Every structure is written in structure tokens, then in C-alpha cells.
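Residue numbers (this note's numbering): 1424 to 1557.
Even glycine gets a Cβ: it sits at the ideal position worked out from N, Cα and C.
Computed from a prediction, not measured in an experiment: that's the story for all the values here.
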Amino acid sequence: MPGSNPILCVDFDGVIHSYTSGWVDVATISDPPVPGALRWLAEAARVFAVKIYSSRSQSQAGRSAMRQWLEQWALDPVLGVPPDHENASLAVIEFAHEKPAAFLTIDDRAIQFTGDWSLLDPEKLRLFKPWNQR
């Protein structure tokens, strides 16, 4: 629709959720947010239609768990969003059940394709490590 904000797709585990305990199941989210993530999301929601998409997104239980986690941590006095912050309610953020057609995607396990396949050596790609494992 004209005038609407472009979609920003944001991964959950390892991007918003610190994911230090590793995978348990779609509904178990044990760790706190990556420092600064929730404040950044509140800012981003001013200029983008923010949609969180994760491997958890295929399941209603996973989407509900992410929403509940976000609402819980948003209230945290240190890692959450300050109460006087405009648009502090992260309620405008959606949890997509499928990968959205986004203007931009933020993910800890992605490489930007630059149009040159010769730069993407499959053997080197096998050595990839996300930011929190380097």
C-alpha cells in the first residue's frame, strides 16, 4: 500500500535473543536479549514494518513463545525499552509465519550476495561462524 513503511525482516535467535544456551525446542527461549536489541527494534519500528522471522516461526507455539519473550524482556529496566521512550510498545512488531518479502533482512547466518558467484567458495562457506561464535 502506498506510503507504508518497507518491511525489515529480523532473525530471532542470535540476533535479538542472545541464544547462548542453544536450541531446546520451538517454545523454549532461555536467554536474555542481545544488549541493545530491544531498544534498536523500537527505533526501527518507527521507519520499518518490522517482522521477526525464525526457524521457530513455522509453529504457532514458536511464534507465541517469541512474542511472550519479547513482551517480558521489553519491561526489563536494563535490557528493555525505557518507559519514556516513544513507541516503547513493541506491539507493532509482527511475527511472520513465513519469510516475508522484505526490503532488507538482518540475520546472523547470512552473507550478502554481490552478483559474483566466484567470490563464494563453498569450502570457505563451510567454515562460516556467526558473530557470537567467533
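Q: Count the other CB atoms, across all protein chains shown, that sit within 10 Å of the CB of L1548; report buried if there are 16 or more and exposed otherwise.
A: It is exposed - the Cβ of L1548 has fewer than 16 other Cβ atoms within 10 Å.
**Q.** At least three beta-carbon pairs within less than 8 Å, the stretch 1517-1534 to the stretch 1494-1503
**A.** They do not touch, by the three-pair rule.
Q | Buried versus exposed, by CB contacts within 10 Å (16 or more), A1484 | A | By the 10 Å Cβ count, A1484 comes out exposed.
Q. Are the Cβ atoms of F1536 and I1430 separated by less than 7 Å?
A. Going by C-beta atoms, F1536 is not nearer than 7 Å to I1430.
Q.
Using a 10 Å radius around the Cβ and a threshold of 16 neighbouring Cβ atoms, would you call I1534 buried or exposed?
A. In summary, I1534 is exposed, with fewer than 16 beta-carbon neighbours lying within 10 Å of its beta-carbon over all protein chains present.
Q | CA-to-CA distance, Q1481 to V1449, given in whole angstroms | A | Their backbone Cα atoms lie some 9 Å apart in a straight line.
Q | Beta bridge counterpart(s) of K1474 as assigned by DSSP | A | DSSP output for K1474 lists C1432, E1517 as bridge partner(s).
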